[in-house]
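Quick notes on the structure that follows.
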Amino acid sequence: MGSMSNDETWKKEWILLEGHYDWLGEGRWSYTKCSDLFPVLRQELTNHNPRSEHAVVSTGTWSTGGSVPMAFLESRETGNVWAFQVEHNGAWRWEIGDNTVDGYFALSGPTSVNHSWMKDLGEGESFATVPASFVMGGDMQTTVEEMTKYRRIGRLVDESSAVSQVIFNDYMNTINGDPTTEKLLPLISSAAQVGCEVFVIDCGWYDDSGDWWPSVGEWKPSKTRFPGPRGIGEVIDAIKEAGMVPGLWLEPEVIGIKSPVAQELPDSAFFQRNGQRVVEQERYILDLRDESARRYLDGVVDRLIGDYGVQYFKMDYNVSPGAGTDYHADSVGDGLLGHNRAFLDWVDGLHRRYPKLILENCSSGGMREDFAQTSRFQVQSTSDQQDYRLYPVIAATAPLMVLPEQAASWAYPQAEMDAEQTAFNINTTFLGRFFLSGYINQMEEWQKNIIQQGIQAYREHVQPMIGESVPLWPLGLPSWDSAVVALGVKASQRTIVTVWARNAPETVKEVALFLPHLHGEGVQCRTIFPVGPAFDEWDAKWSEADSSLIVSIPHGMYASRSFELVEKGGETLLS
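Numbering of the sequence shown is given in the UniProt record's numbering, commencing with residue 1 and proceeding in unit increments.
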């Protein structure tokens, strides 16, 4: 680690920051002192090396389904911070430990003890493990900035397709997987009216039976849901005519056990163990090492693009097949690693054939937020969380794992919500990839106007700078129950900060947003969303002495504001 000491006192110097993920509960980060992980044991008296370690392991294909393949180590002596990440979309392990004179960290892909991985090498053969990366900075902010820059440099998508857009998706707290022509056409009109640029039809568009979970795999539009002579083409044409990019949901890596495709494809196309196909929640798992599996998926994508002009795919993944497949592999872990790499190669092939195609990475929300995936997808779904009051912590911490312009956190205002609740929703998606749902067509004009105002503010203030911004946390990283949460992004001389008040107690009257990169008395601040007579103005004053924005906080309610700060002499997009 590079400790100042050369003995066991290194343990008192370093602090570990690691992330904890769960379905609906992504983005929970916590600090632990290394002295709590590695107490002084006097192992030198034994003449043996230490055996202690703090190991974090992920199995299967949900690479961020419990823990994350990334962590930070901060020195309390020097302020220096390490950040490291395992760049793999399958099984991984990282550990920190004690080597008597200093600490160490070690990163790897699948291992024998954790992942049933083994690879036999013949004479002249070699094996390359999964990639990993690390950066060091003089403090936490610098380290995050360097990792953000590294991730931008490492993107494997066409840069023009990575530009942030305003996306409407029909699923969350809205159609919920039950799309029809009748439901979608009014939503399309309303989404275009408020300023959306992409419209995505989520799951269910292929289902005629009402029991689509075990029957997915053909990816052919339903004729009962879209009964007109043009079928789903009528809906997709309406999206295009409204000036938006059409998108569809896919779960390409699975075939339902009741799908006719399950019988059409050979056994070699699927995960197997002991000669039998692996079944997980009534689905077979495609093995992308197999040429027939890849040909099939290529045909699906080609057909949907060729027949309907789809330009955006939300690629979901809602099951995990366990340890892997032993078919044509030295071990189940070896088979899984081969599939993981083949899947990435398949995605790379899509980008080669369709360089402007936009791909969204979703795995029950944020269950695959590893850099192997996020470097290949322009959009990253951050969660399936359906309670707008809980989402700000997920949105605020997302840029630790993904680029700000990738992070798609849901805003799903509902017709029964008041003005503050509506704006709170919009601010949750404001400093990322704008990601909207909700029955806009059922809302009154005043509520539509708030959504439209939020989109206009995003396009004017955030969209031009988010792609070159770095994230910051002026209140520090939030805990899951934080009463006040804050996220900022900065680029050049401009900084935008969103603050969420979550039923704050009366004792919390104001917060100091520490922004040390802004200096002097020439800092200008203004609220950019929401504004207008429906909203009380939050008092926000710049403190030159503390390099902080002092913001008054309402208590006993859920409310949010976004502020733009510009240094004297800096350009502003404020009107």
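Beta carbons: idealized from backbone N, C-alpha and C, even for Gly. Keep in mind that this is a model prediction, so the values were computed, not measured.
Supposed contact pair residue j and residue i - C-beta distance, whole angstroms, cut 8 angstroms
i: Thr129; j: Ser108; result: 6 angstroms
i: Ala469; j: Leu156; result: Position check: residue 469 holds Ser in this sequence, whereas Ala was assumed. About 21 angstroms; that fails the 8 angstroms criterion.
i: Ser164; j: Ile466; result: 5 angstroms
i: Leu265; j: Ala342; result: At roughly 15 angstroms, the Cβ-Cβ gap does not stay under 8 angstroms, so Leu265 and Ala342 are not in contact.
i: Glu77; j: Glu145; result: The pair is not a contact, with the Cβ atoms about 22 angstroms apart (cut-off 8 angstroms).
i: Gln453; j: Val566; result: 20 angstroms between Cβ atoms; not a contact.
i: Asp98; j: Pro50; result: 4 angstroms
Among the options, nearest to residue i - alpha-carbon criterion
i: Glu159; options: Tyr296, Trp538, Ile358; result: Ile358
i: Trp473; options: Val86, Val497, Asn361, Arg459; result: Val497
i: Ser548; options: Ser560, His555, Pro554, Glu510; result: Glu510
i: Trp219; options: Arg389, Leu37, Gly299, Leu436; result: Gly299
i: Gly243; options: Ile167, Asp287, Asp139, Leu297; result: Ile167
i: Asn439; options: Ala132, Leu565, Pro186, Phe371; result: Here the sequence assigns Tyr to residue 439, which means Asn is not the residue at that position. Of the listed residues, the one whose Cα sits closest to Tyr439 is Pro186.
i: Thr111; options: His517, Gln378, Val332, Trp62; result: Val332
i: Leu513; options: Gly476, Ala491, Gln524, Pro533; result: Gly476
i: Gly19; options: Glu405, Val261, Val393, Gln373; result: Val393
i: Ala191; options: Leu518, Pro413, Lys568, His555; result: Pro413
i: Trp94; options: His54, Ala540, Lys356; result: His54
i: Ser67; options: Asp307, Glu369, His339; result: Glu369
i: Phe313; options: Asp139, Val200, Met367; result: Val200
i: Phe424; options: Asp546, Ile550, Leu431, Ala411; result: Ala411
i: Asn173; options: Asp330, Ser75, Met417, Tyr458; result: Met417
i: Leu184; options: Val194, Trp205, Gly195; result: Trp205
i: Asp348; options: Met367, Arg294, Arg152, Val319; result: Arg294
i: Asp334; options: Arg273, Trp62, Val319, Asp539; result: Arg273
Contacting residues, own chain, Cβ-Cβ under 7 angstroms from residue i (five flanking each side not counted)
i: Met147; result: Ala83, Val135
i: Asp384; result: Trp23, Leu24, Ser364, Gly365
i: residue 589; result: With the chain covering only 1 through 575, there is no way to say anything about residue 589.
i: Ile553; result: Val484, Ala501, Ala504, Val508, Lys509, Glu510, Val511
i: Ser35; result: Lys11, Lys12
i: Lys223; result: Asp208, Gly231
Three-way DSSP call (helix, strand, coil) for residue i in this model
i: Arg93; result: strand
i: Cys525; result: strand
i: residue 593; result: Nothing about residue 593 can be read from this structure; the chain reaches only from 1 to 575.
i: Arg42; result: coil
i: Tyr308; result: helix
i: Pro471; result: strand
i: Gly2; result: coil
i: Arg459; result: helix
i: Arg152; result: helix
i: Arg51; result: coil
i: Arg376; result: coil
i: Lys98; result: The amino acid occupying residue 98 in the given sequence is Asp; Lys does not appear at that position. Asp98: strand per DSSP, three-state reduction.
i: Asn361; result: strand
i: Gly233; result: helix
i: His20; result: strand
i: Pro69; result: strand
i: Ile255; result: strand
i: Trp410; result: strand
i: Gly366; result: strand
i: Gly335; result: helix
i: Ala269; result: helix
i: Phe424; result: helix
i: Gly299; result: helix
i: Ser222; result: coil
i: Trp62; result: coil
According to DSSP, residues forming a beta bridge with residue i
i: Pro246; result: Phe199
i: Asp345; result: According to DSSP, which records beta bridges pairwise, Asp345 is partnered with nothing at all.
i: Asn169; result: Val200
i: Glu123; result: Partner(s): none; Glu123 has no beta bridge.
i: Leu549; result: Leu513, Trp542
i: Met136; result: Trp82
Same chain only: Cβ atoms within 6 angstroms of residue i, ignoring 5 sequence neighbours per side
i: Leu336; result: Gly90, Gly324
i: Trp92; result: Ser58, Pro69, Val86, Gly109
i: Cys203; result: Gly177, Trp249
i: Glu44; result: none
i: Glu282; result: Pro214, Ile257
i: Ser268; result: Asp290
i: Ser3; result: Trp10, Glu13, Asp102
i: Asn361; result: Gln373, Phe377, Gln380
i: residue 579; result: The first residue shown for the chain is 1 and the last is 575, placing residue 579 beyond what the model contains.
i: Gly154; result: Ser375
i: Ser575; result: Low confidence applies to Ser575: its pLDDT is 35, below 50, so where it sits in the model is not reliable, and the reading given next is rough at best. Excluding positions up to five away in sequence, the list is empty.
Cut-off 8 angstroms between Cβ atoms - residues of its own chain near residue i, not counting five sequence neighbours on either side
i: Lys240; result: Pro246, Gly309
i: Trp29; result: Leu17, Glu18, Gly19, His20, Thr397, Leu400, Leu477
i: Thr143; result: Phe72, Val81, Trp82, Ala83, Val135, Met136, Gly137
i: Asp345; result: Leu288
Residue i beta carbon near the ligand ADP (any heavy atom closer than 6 angstroms)
i: Glu460; result: What this structure holds is no ligand at all, so the ligand ADP is not there to describe.
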